[in-house]
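First up is the structure itself, then whatever we jot down about it.
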Amino acid sequence: QVQVVESGGGSVQAGGSLRLSCAASGSIWSGNVMGWSRQAPGKERELVASMTSGGSTNIEDSVKGRFTISRDNLRNMAHLRMDSLKLEDTAVYYCYVRQGSITYWGQGTQVTVGS
């Protein structure tokens, strides 16, 4: 089993920045994918960014150039740096760890961007 815990959400004005952190614990494989998805009210969950343990990234087009994902493999942590936040970035952000065919999700952290 893998436990995933997010931190760092909150409220920020448009144009501001936030940094989300994700800590994974338990049966962590050396090769996995850690990433972030988000779900806004009334919308489906969408991928935001992901990174393999080898450093390959996948960034959703709407956040490219504004969001940066990073990992600390030794500590089994992932971070999402969010700059130039927009109103439409308001959502619950979920961290996940994918190992083989199994994906483990965190509880989510709320990010609210106000005008």
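In this text, residue positions in the sequence shown follow the working numbering: the first is 132, and each later residue adds one. Here a beta-carbon is modelled for each residue, glycine too, at the ideal position from N, C-alpha and C. Predicted model, so just to flag it, every value in this text is computed and none were measured.
Assignment of Asp203 by DSSP, reduced to helix, strand and coil, places it in the strand class.
For the pair Ile190 and Ala180, the Cα-to-Cα distance works out to about 4 angstroms. At the C-beta level, Arg212 and Arg150 come within 7 angstroms of one another. For Gln170, the uninterrupted beta strand (DSSP E) run begins and ends at Val164 to Gln170, by DSSP.
One alpha carbon belongs to Gly239, the other to Tyr224, and they sit about 5 angstroms apart. Boundaries of the beta strand (DSSP E) around Glu137: Val133 to Ser138.
Taking the C-beta atoms as reference points, Val228 is found nearer than 7 angstroms to Tyr235. Sixteen is the threshold: since fewer than 16 other Cβ atoms of the shown chains lie within 10 Å of the Cβ of Trp160, the residue is exposed.
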